[in-house]
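What follows is a set of notes on a single structure, which appears directly below.
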Amino acid sequence: MIHSNVIQKEKAVDKSAKNVLVNLANVRKVYPNGTVAVTNVNLQAGEGEFICFVGPSGCGKSTIFNMVTGLTDHSQGELSVLGTTPAQARKHNEIAFVFQDHTLLPWATLLENVTLPLKLRGLPKKQVKAEGERVLTLVGLKDHMNVPPRQLSGGMKMRVSIARALITRPKLLLMDEPFGALDEITRQSLQDELLNIWNKEKEMSVLFITHNVFEAAYLSTRVVVMTPRPGKIGDIINIPTSKKRDEDFRTSDEFNKYVGEISSCLKH
Ligand code: ADP
61 MIHSNVIQKE KAVDKSAKNV LVNLANVRKV YPNGTVAVTN VNLQAGEGEF ICFVGPSGCG
121 KSTIFNMVTG LTDHSQGELS VLGTTPAQAR KHNEIAFVFQ DHTLLPWATL LENVTLPLKL
181 RGLPKKQVKA EGERVLTLVG LKDHMNVPPR QLSGGMKMRV SIARALITRP KLLLMDEPFG
241 ALDEITRQSL QDELLNIWNK EKEMSVLFIT HNVFEAAYLS TRVVVMTPRP GKIGDIINIP
301 TSKKRDEDFR TSDEFNKYVG EISSCLKH
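One rule links them: number in the working numbering = place in the sequence shown (from 1) + 60.
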């Protein structure tokens, strides 16, 4: 009996640890030149969340992303990703990122571009190809798998970048202003595609930086509004996941209410 209680307790602990993908507790970052980039950052990102970060330039959004991915260390506080250090999480391919600048190999085909991370891991050719086709299908580009990226539009290149990020089936996807350089129509259709992908990959959480309050209101389950330097989390706005994201939502009074709320938090 005692034994089974112990097991139950362990299971309970495991479950909660699994549900929190990113834990930031009182995190502070001071760069070597003395710049305090962020301070007192407290945030827990759970499995299956879509969290957008908005805030003025220089408030520390990229710094938070760089700490979560292990590109830079935090100076104080606690930071864990999937219950471990960012470096370990990266080593196990649990984290992937997408930037505005897609850095695709111009001479390689789309299939070769998206499968590069798996080839580097030495996986069997057949599996590499199957996974490449899977992610190119997810972003609607399977028919283009044998063409090089130079033949593609900006929006299509971004879809390839997303496919490449998804190839390792990450639990956490970080996106730093991925759609910033795209025209509005392309941006909106990529937002819908991204939400479709996120809905399919139920457990994957997305952390997303944007300057666009409409984008934040459309995509997020939570919007983190940051204050100017040194960056802190000013407000967190919840947007119910149950709301279907579609044209009706985009043109609804409720959507405008969220946009207004985010905008007014940004002004404080
Ligand atoms: P955001 O992404 O919100 O624009 P950043 O995280 O890029 O903000 O920057 C936050 C602050 O930290 C800014 O004042 C920026 O100048 C500073 N900063 C960013 N990277 C470095 C660095 N490597 N060394 C010193 N200061 C930095």
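All C-beta atoms in this analysis are idealised placements derived from N, C-alpha and C, irrespective of residue type, glycine included.
- Exclusion of the five residues before and after Leu103 leaves Leu84 as the residues of its chain whose Cβ lies within less than 6 Å of its Cβ.
- Arg282 is bridged by DSSP to Ile111, Asn298.
- Minimum Cα-Cα distance from Pro230 among the listed residues Gln248, Leu267, Lys217 corresponds to Leu267.
- It is roughly 11 Å from the alpha-carbon of Glu154 to the alpha-carbon of Thr145.
- Residue nearest to Ser280 within the set Arg289, Val90, Ile293, Lys303 is Lys303 (criterion: CA-CA distance).
- Under DSSP, the beta-bridge partners assigned to Ala85 are Glu138.
- Going by DSSP, Gln160 is part of no beta strand (DSSP E) at all; its letter is neither H nor E.
- The alpha helix (DSSP H) runs of length 4 or more contained entirely in the stretch 239 to 270 are, from start to end of the chain, 244 to 260.
- In the DSSP annotation of this structure, Gln187 is not part of any beta strand (DSSP E); the continuous alpha helix (DSSP H) holding it starts and ends at 185 to 198.
- Secondary-structure assignment with DSSP links Thr144 through a beta bridge to Val141.
- Put simply, the stretch 264 to 278 touches the stretch 112 to 127. At least three CB pairs are less than 8 Å apart.
- DSSP, reduced to helix, strand and coil, places Thr169 outside both helices and strands of the structure shown, so it counts as coil.
- Gly106: member of the beta strand (DSSP E) spanning 96 to 106, first to last residue.
- With a threshold of 7 Å, the Cβ atom of Gly240 does not count as near the ligand ADP, since no heavy atom of the ligand is closer than that.
- In the DSSP assignment, no residue is bridged to Ile222.
- DSSP places Asp236 in the strand class (E or B) of the three-state scheme.
- Pro92 sits exposed, since fewer than 16 C-beta atoms from the chains shown fall within 10 Å of its C-beta.
- With a cutoff of 8 Å on beta-carbon distance, Gly108 and Glu263 are scored as near each other.
- Using a 10 angstroms sphere on the CB of His328, the tally of other CB atoms stays under 16, which defines it as exposed.
- A contact is defined here as three or more CB-CB pairs under 8 Å, and the stretch 245 to 254 meets this definition with respect to the stretch 212 to 227.
- Of the candidates Phe239, Leu232, Ala277, Val283, the residue whose Cα lies closest to the Cα of Trp258 is Leu232.
- If you look at Met205, you'll find it isn't in any alpha helix (DSSP H); DSSP assigns it neither H nor E.
- As DSSP reads the structure, Thr287 sits in a beta bridge with Lys292.
- Non-local C-beta neighbours of Ala223 in its own chain, meaning closer than 6 Å and more than five positions away in sequence, comprise Val174, Val195, Leu196, Val199, ordered along the chain.
- Distance from the Cα of Pro208 is smallest, within the candidate group Leu164, Gly240, Cys325, for Leu164.
- Nearest neighbour of Gly291 by Cα position, chosen from Thr129, Thr99, Val82, turns out to be Thr99.
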